[in-house]
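Residue numbers (this note's numbering), protein chains in the order written: chain A, -7 to 332; chain B, -7 to 332.
By construction, the Cβ of each residue, glycine as well, lies at the ideal position given by its N, Cα and C atoms.
Single-structure report; data block below.
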DNA sequence: GACTAGTGTCGAACCGGTTCGATTCGAACC
DNA sequence: GGTTCGAATCGAACCGGTTCGACACTAGTC
């Protein structure tokens, strides 16, 4: 492969001049610049990434730490990954995908060997092991998911408290008086999926304030179970007229459950979920939902990370950016059915 | 960060000696090796990846070219990605994930800048644009998906022809005489998804040979449509007793279709799909299926690629490795119902 | 006409590893 | 007792970029 030395030789200048001609960091005569550019074309010169990284201490790569848990619904993760890689590329960065179970060792390994300029952590837990190593690392990081202690790091997440309130409020305003909330499984919460209780607590408070009854259930994240559980829940709460789903698997299972009971939304029951638009399309879910904004979160995390890497960050202070919930109305809410 | 120079100084030896002590490429006294190792511990020394890449021309990174098409079922892709990244890490490689639409430019960019030691291409089309640049690249590559011209490159794929035959054969042996095959949408095929017709043609031939009627239909890959199409198909072919699905979305949609028609597998109809075990779990699909072996294909592709990179490849000749279809029996096949 | 300022170019050093050739030393050999 | 060999170590060069300081030349200033 051609090196910058080859380019310089063909152009009849020194290596340093060729370098300056390409980077524009010093003034160069139009004539020389022209010759260098021609040599680049002719040799199909592309700088060696390793050499560049060594010289500049910049790799133009960001590390993406994804964690896949047995108890989670994997397809939902894909949205985040795509959001990050696509936006990163637009910003001039490539993405090193790290899926090892041991996120801490992945982080320290990659960080110490200077393979990346920064990190993005997905699926951040309330008390995430990876945060301490990240704080100590010389590279900046962005989190997707709000941990208990977000100090020193930029955080991006959906505002789950506002989401819980909005779900309850929306149905209460339509006249619903008894609701069922289905969350992720309890062990997701125990593992540190704090968003589960952030949404649930806020929903509970809002319900109390509005005088609405709210039943809360931790659902499974796999299908035969969650379907049965939904069925049982509807049996257990015959007067409930609204269903709130903070559980992707539950949303995916609901159509067949409703069908088998011979009821439909919103005629017999109103439904609000919380999942991404892509998820809804993939599974063809006909329910109004609050967008989990996966791609948007990934994009914001990348943009902020890049501005930190490149030192163009507007503020030195770290940021906690909670996206306000936004409802995608697919027509699955209505006034409750009248009973007699 | 500590460099090998720091290690050498603390250990009281030259840089080259420190390097040899760590690599073991020349004999080193036990005493010196000990001192170097202590210095490494003390300084938490980790080699700089860029410098190492520059010196050795090895990056220990492989490039993973994934393509996401609107008309495909995205979650299925995740299995391949995880299969590749996890196996790569076990082999000592990290993975650069490239999701740009323009796979050719991604390939040439990464290849020319020497960011990776090899490539894995997913979702390879019959006539894939990326193959020529890959052949010209200095790095080796493995394909997941069989193209029309696999020359000079290692290829890994499910044996779709054998899959088609096996599907038909299995139901024919049980006594079925009229089958319906639902493939991916026709534009997947036009884009170069040759596996669609490889399976369909083989199924057709096998059916002809066994004297079985086979109706072939290109189904949609999104849910409200594919559900309706399945319903129409069952109406159109009332005497069909077996359903073959080479279309993930169709498999995901089938449970509610059958339910709404008040029929069930295998009592009223026998079903064989083609999707991964993980996919079946995620969607809780109760149908016997031929495993698309995504993770296994990813693993084989990585292993072969690594052996090429490291020059330990058993043979110089390129390989076309078609995995024999394997049936995961979930009990959705039986003898056809008797009519009168 | 000497002084200054700015422009354009070059050589050398540096980033942090690896590797080749040379050197020293002690043990084994004839 | 000189020769040969292998083990252990070191210095220097190299990988392919970037960047600093020096220098030559031109143009403008007083």
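CB contact check: residue i to chain A, cutoff 8 Å
i	result
residue 62 of chain B	no
residue 79 of chain B	no
residue 66 of chain B	yes
residue 274 of chain B	yes
residue 104 of chain B	yes
residue 216 of chain B	yes
residue 38 of chain B	yes
residue -5 of chain B	no
Closer than 8 Å to chain B by CB, residue i
i	result
residue 42 of chain A	yes
residue 46 of chain A	yes
residue 159 of chain A	no
residue 70 of chain A	yes
residue 233 of chain A	no
residue 51 of chain A	yes
Residue span of the beta strand (DSSP E) that contains residue i, given as start and end
i	result
residue 204 of chain A	Segment: none, residue 204 of chain A is in no beta strand (DSSP E) and carries neither H nor E.
residue 281 of chain A	280 to 282
residue 266 of chain A	262 to 266
residue 89 of chain B	86 to 90
residue 170 of chain A	170 to 175
residue 53 of chain A	53 to 57
residue 114 of chain B	Residue 114 of chain B -> no beta strand (DSSP E), and no H or E assigned at all.
Alpha helix (DSSP H) segment containing residue i, residue limits
i	result
residue 248 of chain A	240 to 253
residue 160 of chain A	152 to 166
residue 227 of chain B	215 to 228
residue -3 of chain A	-4 to 3
residue 301 of chain A	286 to 301
residue 271 of chain B	269 to 275
residue 333 of chain A	Any answer about residue 333 of chain A is impossible in this case: the structure gives chain A only from -7 up to 332.
residue 32 of chain B	22 to 35
residue 145 of chain A	Unbroken run through residue 145 of chain A: none, as it is neither H nor E.
residue 313 of chain A	Unbroken run through residue 313 of chain A is the beta strand (DSSP E), 312 to 315; no alpha helix (DSSP H).
residue 134 of chain B	Element bounds for residue 134 of chain B: not the alpha helix (DSSP H) but the beta strand (DSSP E), 133 to 136.
residue 11 of chain A	7 to 15
residue 234 of chain A	Here residue 234 of chain A belongs to no alpha helix (DSSP H); instead the beta strand (DSSP E) covers 234 to 237.
residue 97 of chain B	95 to 104
Assumed close pair residue i, residue j - CB separation to whole angstroms, cut-off 8 Å
i	j	result
residue 80 of chain A	residue 294 of chain A	5 Å
residue 328 of chain A	residue 168 of chain A	5 Å
residue 235 of chain A	residue 199 of chain A	Not confirmed; about 14 Å, so no contact.
residue 316 of chain B	residue 72 of chain B	The pair is not a contact, with the Cβ atoms about 19 Å apart (cut-off 8 Å).
residue 173 of chain A	residue 206 of chain A	6 Å
residue 153 of chain A	residue 194 of chain A	4 Å
residue 281 of chain A	residue 301 of chain A	That pair is no contact at about 34 Å.
residue 245 of chain A	residue 277 of chain A	Not a contact, Cβ separation roughly 10 Å.
CB contact flag (residue i, residue j, <8 Å)
i	j	result
residue 128 of chain A	residue 57 of chain A	no
residue 117 of chain B	residue 184 of chain B	yes
residue 105 of chain A	residue 39 of chain B	yes
residue 110 of chain A	residue 142 of chain A	no
residue -5 of chain A	residue 78 of chain B	no
residue 260 of chain B	residue 283 of chain B	no
residue 0 of chain B	residue 9 of chain B	yes
residue 253 of chain B	residue 226 of chain B	yes
residue 292 of chain B	residue 313 of chain B	yes
residue 115 of chain B	residue 137 of chain B	yes
residue 146 of chain A	residue 298 of chain A	no
Checklist entry - What residues in the stretch 74 to 102 of chain A have a beta carbon less than 8 Å from any beta carbon of chain B? => result 74, 77, 78, 81, 86, 87, 88, 89, 90, 91, 92, 101 and 102
Item to check | Where the stretch 245 to 279 of chain B meets chain A: residues whose CB sits under 9 Å from a CB there | outcome: 245, 247, 248, 251, 252, 270, 273, 274, 275, 276, 277 and 278
Checklist entry - Closer than 7 Å, Cβ to any Cβ of chain A: which residues of the stretch 190 to 211 of chain B, in chain order? => result none
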